[in-house]
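A short write-up of the structure that comes next.
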Amino acid sequence: MKKRHYILISAAAIVTAVALFAAWTSQATATRHQATPSPVGAASSREALVNSLQNSKTVSLSVIRSANWSAPLSGLINLDNPTAQRAALTNTEEPIQIYTYHLQHPEFGDYLIDTGVSNEFVDNPGTFNVPAWLEPQLRFDRMEITVNTEEVVNNIEAPLQGIFITHLHLDHVSGLPAIDNNVPVYVGKGEAQEKYFLFAATRGIVDALLKGRPELREWQASYVDVFNDGSVFAIHSPGHTAGSTAYLVNTPEGPVLLAGDVSHTAWGWNNQVEPGNFSTNQPRSRESLLNLIKLVEDNPQIQVRLGHKEL
Ligand SMILES: [Zn+2]
């Protein structure tokens with residue numbers, strides 16, 4: 034009887050400890066870095082974006098594949114989605130790519146969308162608060178950097194004017210160590226403040242990557258005309274994270290949609306299946322995916338680039 038009593042008390046203690054730990058971790062935001070409304074960019078609309086496809090200023094866009102990497106398919110695609118189930122997808126390890134995009138605006142200068150991967154981050158993860166236990170999860174051993182962010186920045190002649198981040202996950206901000214601390218960093222609305230249990234593991238790292246930089250600049254509208262000339266639009270596409278943002282860039286070769294991690298993979302985009310368990314809100318993520326697919330169906334001249342795979 035006594036033994037049973039002891040087991041019950043132990044079980045209660047374990048449950049309490051787990052509950053306390055869950056409560057603590059669920060409080061973690063993406064970063065403790067401060068954010069402020071962006072002083073640039075004008076609130077716009079889908080209609081204005083569509084009008085810009087025919088008639089607007091253009092900016093040059095370079096797509097840079099910074100690294101080859103891999104991730105479990107369950108993170109990239111919602112394997113519980115009925116379409117994924119019908120296709121009998123299983124949780125294999127999937128080869129993916131990490132991109133950065135260089136924008137050159139004729140008047141306002143040079144920008145990056147997402148940051149690629151810097152050598153400094155991968156070579157010295159401890160400097161950026163990456164705990165030793167997390168390193169295997171980050172799969173550095175499977176990462177092959179093809180163009181490091183140091184090289185990307187060196188190849189741009191003028192100083193960068195800003196970094197537009199699709200979201201604050203590590204594979205999108207790990208190039209920051211190669212970028213001058215004074216360059217403003219722009220994120221989607223609510224990105225810094227969202228709470229999610231997995232952020233307990235990564236918040237310290239994002240904080241370290243942002244340390245010494247100005248306040249994050251948050252887009253304030255669902256559609257933002259970034260330079261107020263119709264050349265580039267930020268499209269709030271929440272779900273993967275609260276502030277996830279896609280970018281529509283009008284280039285001399287035609288409009289390009291940088292979808293970010295609204296869809297990591299071509300399979301997900303082509304089959305209308307949202308990303309998997311790396312997302313904080315899958316139903317919202319699905320809405321954002323369908324919203325972008327509709328935009329491209331209605332305007333087939335838009336070329337699409339996805340978060341981690343070629344379409
Ligand atoms: Zn990603």
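Just so we're aligned: 97 in our numbering is position 64 of the sequence shown, and the numbers increase by one with no gaps anywhere. The beta carbon of each residue, even a glycine, is placed where N, CA and C say it ideally should be. Since the structure is predicted, the reported quantities are computational estimates derived from the model, not experimental observations.
Short note on Asp258: C-beta not closer than 6 Å to any heavy atom of ligand 1.
In this structure, the C-beta of Gly340 approaches ligand 1 to less than 6 Å from one of its heavy atoms. Val289 is a Cβ neighbour of Gln336, given a cutoff of 7 Å. Cβ-Cβ distances below 6 Å link Gly301 to Ile110 in the same chain, with the five nearest sequence neighbours on each side left out; the list follows chain order. Here Thr284 is bridged, per DSSP, to Gly287. The beta carbon of Leu171 sits closer than 8 Å to those of Pro158, Val163 and Leu203, all from its chain and outside the five residues before and after it, given in chain order. Within the same chain, and ignoring the five residues on either side of Ala254 in sequence, the residues whose Cβ sits closer than 6 Å to its Cβ are Ala76. Spanning the alpha carbons of Asn181 and Glu168 requires a straight line of approximately 19 Å. Distances from the CB of Asp204 to the heavy atoms of ligand 1 include at least one below 6 Å. The straight-line gap separating the alpha-carbon atoms of Ile212 and Gly221 is approximately 20 Å.
Cβ neighbours of Val150 within its own chain (closer than 8 Å, five residues either side excluded): Ser99, Ala100, Ile131, Met176, Ile178, Asn181, Thr182, Asp204, Ser207 and Gly208.
About 6 Å separates the beta carbon of Pro70 from that of Glu251, a gap short enough to meet the 8 Å contact definition.
Here Asn114 carries a coil assignment [DSSP, helix/strand/coil]. In this structure, the CA atom of Ser312 is about 27 Å from the CA atom of Asn152.
Counting of Cβ neighbours within 10 angstroms places Pro210 among the buried residues, the total reaching 16 or more.
By the criterion of a C-beta distance shorter than 6 Å, Ser296 is surrounded in its chain by Trp302, Leu322 and Leu339, once the five residues flanking it on both sides are discounted.
For Ala100, the enclosing beta strand (DSSP E) covers residues Ser93 to Pro105.
Membership of Glu127 in the beta strand (DSSP E) is indicated by the continuous run Glu126 to His138. Rounded to whole angstroms, the gap between the alpha carbons of Ser103 and Ala68 is 31 Å.
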